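Asker: Everything in the sequence shown is counted per my numbering, starting at 1195 for the first residue and increasing by one.
All C-beta atoms, glycine included, are put in the ideal place defined by N, C-alpha and C.
As the structure is a prediction and not an experimental result, all values here were calculated from the model.
Just passing along the structure, written as structure tokens.
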Amino acid sequence: MWDDQRLPLSKIVLQGKLEYVTADDVQAAFGQIDHIGTFMSQDIDVLQQSVEALPWVAHAAIRKQWPDTVKVFLTEHQPVAIWNGNELLDANGLVFNGDVGLLKEEKVKLYGPNETGPEVLQTYRDLRPKFQTLGLAISSLVLNERRAWQIILDNGIRLELGKESLDERIERFFLLYNKLGSDTQRISYIDLRYDTGAAVGWFPEHELEQESTND
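In structure tokens, the structure reads:
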């Protein structure tokens, strides 16, 4: 029989393509375990569960290497959107609590009730290329509690789309946007929650003049 005290697990080897998780994070996760065993006694599942509790970790594979090493291979969540202001969505629409402040680049802001992350993300993916044809980008997409949709574009225009006929209302916006030409810079919002047509809200002229002067 081996004496447990003779072979303590004292080394951590971290592997994987990592941008957000550090060796210190893994060590801190292990530190939350009441007692780290030895090479012979330590349960790998306990180590795995502790590491997978880290916000940025999607999956962890752990194995022991004789005589005193723990090898940790991590797969991180890949953030594709900011969710409800302070959480993140990965490519599968899974919500995770990664630090938004650590993002390497700007992400679209998506909002919705609990459990609607995959739906809102898929809607964004469906709509994004359509807006790109007009040289526009979606800054935020909102699904509210009443299941009505709202879009804010990168030029500041807010689109109120309601609960139904989303594709038809988007097409109506495209037609209107193309007709307005240079007047689009004066638009504050467009309400498309009508069977036909739309209501356009305009910025006051003096606000536009002030913005131009500030430029």
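1) Distance check for ILE1384 and GLU1246, CA to CA, integer angstroms please.
2) Is it buried or exposed, HIS1253, if we count other Cβ atoms within 10 angstroms and call 16 or more buried?
3) Cβ atoms of LEU1282 and VAL1264: under 8 Å apart, would you say?
4) Touch check for the stretch 1362–1369 and the stretch 1331–1339: three-plus C-beta pairs under 8 Å?
5) Mind listing, in chain order, the continuous beta strand (DSSP E) runs of no fewer than 3 residues lying wholly within the stretch 1251–1298?
6) CA-CA distance, GLN1209 and THR1269?
7) Rounded C-beta distance between VAL1292 and TYR1214? I'm assuming under 8 Å.
8) Near PHE1397, what residues of its chain come up, given a Cβ to Cβ distance below 7 Å and the 5 sequence neighbours on each side ignored?
9) To the nearest whole angstrom, what separates the beta carbons of ASP1284 and PRO1273, a pair I think is in contact under 8 Å?
10) For TYR1388, does the three-state DSSP call read helix, strand or coil?
11) DSSP on GLU1399, reduced to helix/strand/coil?
12) Could you have a look at TYR1318 and say whether DSSP puts it in helix, strand or coil?
13) Look at the alpha carbon of LEU1304 and the alpha carbon of GLN1259, and state the distance between them as a whole number of angstroms.
14) For ALA1188, count neighbouring Cβ atoms within 10 angstroms of its own Cβ and tell me buried if that reaches 16, exposed if not.
15) My parser needs the beta strand (DSSP E) runs of 3 or more residues fully inside the stretch 1328–1380; what are they?
16) Please state whether DSSP places VAL1240 in a helix, a strand or coil.
Answerer: Taking the definition as stated:
1) For the purposes of this step, residue 1246 is taken as residue 52 along the sequence shown, with counting starting at 1. For the purposes of this step, residue 1384 is taken as residue 190 along the sequence shown, with counting starting at 1. Computed Cα separation, rounded: 44 Å.
2) As a first step, residue 1253 is located in the sequence shown; it is residue number 59 there, counting from the start. Exposed: under 16 other Cβ atoms inside 10 Å.
3) The count along the sequence shown starts at 1 and reaches residue 1264 at position 70. The count along the sequence shown starts at 1 and reaches residue 1282 at position 88. Going by C-beta atoms, VAL1264 is not nearer than 8 Å to LEU1282.
4) no
5) Fully enclosed beta strand (DSSP E) runs of 3 or longer: 1251–1259, 1263–1270, 1273–1277, 1281–1284.
6) Position 15 of the sequence shown holds residue 1209. Position 75 of the sequence shown holds residue 1269. If you take the alpha carbons of GLN1209 and THR1269, they lie about 9 Å apart.
7) Numbered from 1 along the sequence shown, position 98 holds the residue referred to as residue 1292. Numbered from 1 along the sequence shown, position 20 holds the residue referred to as residue 1214. According to the sequence as given, residue 1292 is Gly; it is not Val. About 7 Å separates the two Cβ atoms, so the contact holds.
8) Looking up residue 1397 in the sequence shown gives position 203. Result list for PHE1397: ARG1380, SER1382, in chain order.
9) One-based indexing of the sequence shown puts residue 1284 at position 90. One-based indexing of the sequence shown puts residue 1273 at position 79. The Cβ separation is near 6 Å, so the contact holds.
10) Here residue 1388 refers to the residue found at position 194 of the sequence shown. For TYR1388, the three-state secondary structure derived from DSSP is coil.
11) Your numbering for residue 1399 matches position 205 in the sequence shown. In the structure shown, GLU1399 sits in a helix (DSSP, three-state: H, G or I).
12) Taking the first residue of the sequence shown as 1, we reach residue 1318 at position 124. Three-state DSSP puts TYR1318 in a helix.
13) Translated into the one-based positions of the sequence shown, residue 1304 becomes position 110. Translated into the one-based positions of the sequence shown, residue 1259 becomes position 65. The straight-line gap from Cα to Cα measures roughly 43 Å.
14) The structure shown does not extend to residue 1188, since the chain is modelled only from 1195 to 1409, so the question has no answer here.
15) 1332–1337, 1343–1347, 1352–1356
16) Locating residue 1240 in the sequence shown gives position 46, where the first residue counts as 1. Taken through DSSP and simplified to helix, strand or coil, VAL1240 comes out as helix.
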